[in-house]
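Chemist: Protein chains in written order, with the numbering used here: chain A, 29 to 69; chain B, 61 to 636.
There's a structure below that I have some questions on.
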């Protein structure tokens, strides 16, 4: 596999964007869980 | 618990399919790279499934619904640090491990520090992993013994022996291929069990009402802060802070330094595939765990309208019924059932009020429910005390038995067999990579290092298979040993990982980011940090998740302090 292929990052183009996606998704989940807790408790 | 012929057919057929599939997928080149790392040819989605299958043991599926039943949804916070850890593993660990083409994570430590650091870290891993693998075997065997009366030794041998067939013959390739099939069966069965719990609710009570009823009983506590009027409770096991910070360090250590996980993403065909597998695990893990816990909430709702057992471990209940405490137990159980009946009447009223959106009635029923809940809990504690008196080895904790009791009491024939198969598959999914990792450390970190004569690739391959069998036997013996010593040891071994994970992670953090620190300094720092972790643990001042943070931080701090006193010998430091 060539270096270029190796570095081609799927979907977001750059790994940094992937890392931010994972972190933002976690924050979003925590907010949703908080609302879930508020609503049902 | 009724285990019908159909359940037996489903169980045997499912297990046979997995074993045959594993053996069929066993073809790999006869080298250690083929055996331990699948020739580094796995795509991202297989890496992801393998990572998930390795992390989720049978205990995960047994405990999580029971945990939600007894303590609510807050257990999910334990996983909040995982996505963050996945990011750091991708940034710091994956590029170095893959560039150096290591077989084990500890191999890097020799290149960065010295051979003794490599060997002692590898040894620590082997000690803690073999003990926890023994527990992974015994925990489901104990539940099956309690629910179905199966002989524990036979179940141990059966569970450990069958997976050795494909793990030994196929190595990491067979492990990864069987894990993907196991994943599908496990989540399909768990989804079916959850669906059954919802459909078993009374007419007029849907998902929304079930969640509201659980919420009014304090079970929908997904986010908790750990703060009270007295300030932050450091002994509180699951809250958002311990989950994010403690969970981050625990999972960083687990995914970055535990060979059973490192060995999974080293099988990927490129950095990209390793990273994608890890990051997508970070994306799906929390929602999946939330879903499994939700099953426990629906089981809780089910038992609000149906007769709930006062204690869920059938074997211990039967022992008590035939002991000197039988009259005391019968009386306590009867009182618990009476309280349950009163509570059911309140719950039914609450469900009607919720449907009618009658706020006044909801508040009234909620107050009543609170009182009934406390009374029922108090009575359940009394029942547990009697159980402990009648069963001297028991810790009175029936959390692991709640899900299986529900399965046995309510699920139709066939589905019961499938859920039992899930226990086996989940156990295999985590035990098989552990055996593969233990064998790879023995072969690469010790045998190859200490062998005086060069070995041919074929001979190394044969030794690797022998070590897999050997570790399988050791883990089965460990499981039997743990059972003979009772529940308290099992509890102790469960937190064993947190005693070692912090210092091991600290060693790797120093290796990556403190280039001036040498082998002797980090070795002394790790030994001192271990003393600190053990002291804090036995002082019982914090919950176990914080031990990972303390251990890692202590190594970094001690390494800084000790390094000036340790003149550094130049080592073949890897480029990073």
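Ideal Cβ positions, reconstructed from N, Cα and C, are used throughout, including at glycine.
Using a beta-carbon distance cut-off of less than 9 Å, what residues from the stretch 278–312 of chain B approach chain A?
Modeler: If the cut-off is 9 Å between Cβ atoms, the stretch 278–312 of chain B has 278, 279, 280, 281, 282, 283, 284, 300, 304 near chain A.
Chemist: If you pair each beta-carbon of the stretch 378–390 of chain B with each one of the stretch 327–334 of chain B, do three or more pairs fall below 8 Å?
Modeler: no
Chemist: At the level of alpha carbons, what is the spacing between residue 285 of chain B and residue 52 of chain A?
Modeler: Distance between residue 285 of chain B and residue 52 of chain A, taken at the CA atoms: about 20 Å.
Chemist: In three-state terms, what does DSSP make of residue 154 of chain B?
Modeler: helix
Chemist: List the residues that DSSP assigns as beta-bridge partners of residue 37 of chain A.
Modeler: Answer by DSSP bridge pairing, in chain order: A:41.
Chemist: Taking 7 Å as the CB-CB cut-off, is residue 54 of chain A touching chain B?
Modeler: yes
Chemist: According to DSSP, is residue 372 of chain B helix, strand or coil?
Modeler: Coil, per DSSP.
Chemist: At what residue ranges does the stretch 521–578 of chain B contain a whole run of the alpha helix (DSSP H), taking only runs of 4 or more?
Modeler: 547–554, 556–573
Chemist: Could you name the residues of chain A that residue 125 of chain B contacts, counting a contact when the two beta carbons are closer than 8 Å?
Modeler: Ordered by position in chain A, no residue passes the 8 Å Cβ test against residue 125 of chain B, which lies about 18 Å from the chain.
Chemist: Within a Cβ cutoff of 7 Å, which residues of the same chain sit near residue 339 of chain B, ignoring the five residues on either side of it in sequence?
Modeler: By the criterion of a C-beta distance shorter than 7 Å, residue 339 of chain B is surrounded in its chain by 146, 150, once the five residues flanking it on both sides are discounted.
Chemist: Consult DSSP for residue 350 of chain B and reduce its assignment to one of helix, strand or coil.
Modeler: helix
Chemist: Below 9 Å on C-beta distance, what does residue 143 of chain B contact in chain A?
Modeler: 50, 51, 53, 54, 57
Chemist: Report yes or no: do three or more beta-carbon pairs, one from the stretch 380–399 of chain B and one from the stretch 492–503 of chain B, lie closer than 8 Å?
Modeler: no
Chemist: Using Cβ-Cβ distances below 9 Å, what residues of the stretch 596–611 of chain B are close to chain A?
Modeler: none
Chemist: Closer than 8 Å, Cβ to any Cβ of chain A: which residues of the stretch 146–163 of chain B, in chain order?
Modeler: 146, 147, 150, 151
Chemist: Helix, strand or coil: how does DSSP classify residue 287 of chain B here?
Modeler: strand
Chemist: Could you give the C-beta distance for residue 221 of chain B and residue 535 of chain B, rounded to a whole number, given that I count them as a contact under 8 Å?
Modeler: At roughly 11 Å, the Cβ-Cβ gap does not stay under 8 Å, so residue 221 of chain B and residue 535 of chain B are not in contact.
Chemist: Going by beta carbon distance, what residues of the same chain come within less than 7 Å of residue 64 of chain B, once the five residues before and after it are set aside?
Modeler: 473
Chemist: Between residue 31 of chain A and chain B, is there a C-beta pair that is closer than 7 Å?
Modeler: The pLDDT assigned to residue 31 of chain A is 45, lower than 50, so where the model puts this residue is not dependable, and the model offers no usable value.
Chemist: Verify the CB distance criterion: does residue 346 of chain B have a CB-CB separation below 7 Å to chain A?
Modeler: yes
Chemist: Determine, for residue 64 of chain A, whether the minimum Cβ-Cβ distance to residues of chain B falls below 7 Å.
Modeler: yes
Chemist: Quick one: is residue 635 of chain B near chain A, going by C-beta distance under 7 Å?
Modeler: Here the model assigns residue 635 of chain B a pLDDT of 45, short of 50, so the residue's position is not dependable, and the following value carries that caveat. Cβ-Cβ to chain A under 7 Å: no for residue 635 of chain B.
Chemist: Is there a Cβ of chain A sitting closer than 7 Å to that of residue 275 of chain B, yes or no?
Modeler: Chain A, which has a Cβ nearer than 7 Å to the Cβ of residue 275 of chain B, makes this yes.
Chemist: Counting only C-beta atoms, is residue 342 of chain B closer than 7 Å to chain A at any point?
Modeler: yes
Chemist: Give the range of the alpha helix (DSSP H) segment to which residue 77 of chain B is assigned.
Modeler: Note, residue 77 of chain B: alpha helix (DSSP H), 65–84.
Chemist: Cα separation between residue 540 of chain B and residue 120 of chain B?
Modeler: Rounded to whole angstroms, the gap between the alpha carbons of residue 540 of chain B and residue 120 of chain B is 20 Å.
Chemist: Nearest CA to the CA of residue 241 of chain B: which residue from B:466, B:353, B:113?
Modeler: B:113
Chemist: In this structure, how does DSSP classify residue 102 of chain B when only helix, strand and coil are distinguished?
Modeler: strand
Chemist: Take the Cβ of residue 489 of chain B as the centre, count every other Cβ of all protein chains shown within 10 Å, and call the residue buried at 16 or more, exposed below.
Modeler: buried
Chemist: Candidates B:205, B:157, B:169: which alpha carbon is nearest residue 460 of chain B's?
Modeler: B:205
Chemist: Tell me which residues share the same chain as residue 435 of chain B and place their Cβ nearer than 6 Å to its Cβ, disregarding the 5 neighbours each side in the sequence.
Modeler: 399
Chemist: For residue 300 of chain B, collect the residues of the same chain with a Cβ closer than 8 Å to its Cβ; drop the 5 residues on either side in sequence, then sort them by chain order.
Modeler: 137, 140, 283, 284, 285, 286
Chemist: Residue 630 of chain B: buried (16+ other C-beta within 10 angstroms of its C-beta) or exposed?
Modeler: With a pLDDT of 49 at residue 630 of chain B, under the threshold of 50, the predicted position of this residue should be treated as unreliable, and no value is reported.
Chemist: When the Cα atoms are used, what is the spatial distance from residue 609 of chain B to residue 470 of chain B?
Modeler: 43 Å
Chemist: Tell me whether the beta-carbon of residue 468 of chain B lies closer than 7 Å to the beta-carbon of residue 67 of chain B.
Modeler: no
Chemist: What is the DSSP secondary structure of residue 481 of chain B, reduced to helix, strand or coil?
Modeler: helix
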